[in-house]
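Report on one structure; see the data block that follows.
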Amino acid sequence: MLQLKVIRDDNKRIVNGLRKRNWSAQQLKVIQQILDTDDRRRSTQKELDDLLAEAKRLANQIGQLMGQGKKDEAEALKTRVAQLKEQTKALEEQFGGLKKQLDDLLYTVPNCPHKSVPKGKTPDDNKVAKAWTKAMPELPADALPHWDLAKKYKLFDFELGVKLTGAGFPVYRGKGAKLQRALIQFFLDEAITAGFEEIIPPLLVNEDTARGTGQLPDKEAQMYTCERDGLYLIPTAEVPVTNILRDEIVAEKDLPIKMTAYTPCFRREAGAWGAHVRGLNRVHQFDKIEIVQVEHPDRSYKTLQSMVSHVARLLAKLELPYRVLLLCGGDMGFASAKTFDFEVWSAAQQRWLEVSSVSNFETFQSNRMQLRFRDAEGKIQLAHTLNGSALALARIVAALLENNQTPEGIRIPKALQKYTGFKLID
RNA sequence: GGAGAGGUGGCAGAGUGGUUGAAUGCACCUGAUUCGAAAUCAGACGUACCUUCGCGGGUACCGGGGGUUCGAAUCCCUCCCUCUCCGCCA
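Using our numbering, the letters of the first sequence map in sequence onto residues 15 to 440.
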């Protein structure tokens, strides 16, 4: 969530930023509401603190009197403290209520877009940051979409997934399974080479962790839950990995902290189904390698670029046509200050598929999870957090299969061959 | 799952109702000493929020939540977690 201090001191920038997210005047009223609630919270705290200080002072005095054996005087003081207590109790409740109210309001406010983020309402308003200028793959007239290729070569099976679990849980098999594992290994190796520490996190997280990265309360419906144990299946490795540093104060010299993790990701995707989500385009469980960085505020945008370059390098090695989009204010995620999306061309479907999203969250996440660093002067500051998919498998597989189909079989890109152990799926 | 022990500052570890945000040791930081370092000595050394231009001041926090009390790290309830033993098990 946004920092109260920033909303207060840098109000104009925040309001302008929210306008970029197409916030109406009506919605912007929340900001004023936040400021008003905060004013009340502060005056209530002052009042409460003063009363508590007085009560504390008297309690100590009673202690002294008791020690000196002056029981009568002590008794007299006790009644006064009892009165104070009545007042503090009421104030405490009021204060707690205001804090809760304030938090609830703050939770409704998305991150403020970076100044370089373009205005816009829909995905059509995203800016192409890097277009694909080379040739597109040319397929024969009888080219198949990946779901048909999967059947033809027995790579994965959706019906079987339905039998075992339900729609959107594909079963990979044979070379399809091997391809999956090869991609995971490839992406992990690339991330490790780029200096990211590999993490294998839990796939179930508790409530605090889900709140830390903003899944709660905003995106509760997106996650599968294990209600009985109060746990959530992770929708992305970002959740457990970033939370490793929740409530930590790290040394400035340790920045940036670079972590990567491969995990399956579970998403309910409630109500998001339709004709365009066939096959691997959208599934409830998919594999993803995530890269996460915790960075100094001064360097985070440079770091964002380096993460974008990393993802671009992966796609280049996989020989997939891709483009990079700079998301407009209206299409950006709730917690992000700036996001680049990567899309690969899926030749048989004749459409771009989103395979990666690389974002700088600035202090939006770190504020919520109290992830801080001690700067050169010994002052404590919130760190910036960034993350990106590098990469999400399902759609990569879709594009890989479609783009590389030949009459002889499906060609495996060179960079991947040492991982698959085969050059052709036939 | 059963029985027992325990959760205190970066770490170790005192503290069982009264000025304890918390002894002591270690680590870290600053200064002195030194050509420099080690050793030694002196000092500083939690976080959040409120308040102040600033110095500073205030409040809360000793696993989480609730309670008893004028006063709780200390007593009570409850939840979570860790350790030991037993059971079960990849």
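Ideal Cβ positions, reconstructed from N, Cα and C, are used throughout, including at glycine.
- The Cβ-Cβ distance between residue 249 and residue 281 falls below 7 Å.
- Per DSSP, the continuous alpha helix (DSSP H) segment holding residue 195 begins and ends at 189-207.
- In the structure shown, residue 264 adopts extended strand secondary structure according to DSSP, grouped into three states.
- Going by DSSP, residue 254 is part of no beta strand (DSSP E) but of the alpha helix (DSSP H) stretching over 252-256.
- Assigned with DSSP and collapsed to three states, residue 66 falls in helix.
- Contact annotation: residue 420 and residue 396 have beta-carbon atoms that are not nearer than 7 Å.
- In the pairwise beta carbon analysis, the region 380-398 is classified as touching the region 306-325: at least three pairs are separated by under 8 Å.
- One Cα belongs to residue 73, the other to residue 63, and the distance between them is close to 15 Å.
- Residue 98 holds the alpha-carbon nearest to the alpha-carbon of residue 67 among 78, 98, 91.
- Per DSSP, the unbroken alpha helix (DSSP H) holding residue 100 starts and ends at 85-121.
- The beta carbons of residue 193 and residue 411 sit about 7 Å from each other, so the pair counts as a contact at 8 Å.
- For residue 399, the enclosing beta strand (DSSP E) starts and ends at 398-406.
- Here residue 58 has 105, 108, 109, 112 as same chain residues with Cβ atoms under 7 Å from its own Cβ, once five neighbours each way along the sequence are excluded.
- Here the C-alpha atom of residue 299 lies approximately 25 Å from the C-alpha atom of residue 427.
- Bridge partners of residue 419 according to DSSP: 424.
- Taking each of 386, 207, 415 in turn and checking the Cα distance to residue 327, the smallest one comes out for 207.
- Classified as exposed, residue 191 has fewer than 16 neighbouring CB atoms from the shown chains inside 10 Å of its CB.
- 7 Å or more divides the Cβ of residue 324 from the Cβ of residue 275.
- The C-alpha of residue 152 lies about 19 Å from the C-alpha of residue 331.
- Residue 252 and residue 236 have their alpha carbons spaced roughly 14 Å apart.
- Secondary structure of residue 170 (DSSP, three-state): strand.
- Residue 336 and residue 363 have their C-alpha atoms some 15 Å from each other.
- For residue 29, the uninterrupted alpha helix (DSSP H) segment begins and ends at 25-34.
- Cβ-Cβ separation between residue 115 and residue 51: approximately 5 Å, consistent with a contact (criterion under 8 Å).
- Rounded to the nearest angstrom, the Cβ distance from residue 381 to residue 75 is 41 Å, too far for a contact under 8 Å.
- Note that the C-beta distance between residue 374 and residue 320 is not below 7 Å.
- The beta carbon of residue 418 sits closer than 6 Å to those of 424, 425, all from its chain and outside the five residues before and after it, given in chain order.
- At least 7 Å separates the beta-carbon of residue 344 from that of residue 31.
- Here residue 205 has 274, 303, 305, 404 as same chain residues with Cβ atoms under 7 Å from its own Cβ, once five neighbours each way along the sequence are excluded.
- For residue 86, the number of other beta carbons within 10 angstroms of its own is below 16, and it is reported as exposed.
- Counting of Cβ neighbours within 10 angstroms places residue 142 among the exposed residues, the total staying below 16.
- About 55 Å separates the Cβ atoms of residue 391 and residue 160, ruling out a contact at the 8 Å cut-off.
- Judged by DSSP secondary structure, residue 328 falls within the alpha helix (DSSP H) whose first and last residues are 314-331.
- Annotation: the continuous alpha helix (DSSP H) that includes residue 224 extends over 221-226.
- For the pair residue 124 and residue 219, the Cα-to-Cα distance works out to about 23 Å.
- Residue 356 is bridged by DSSP to 338, 370.
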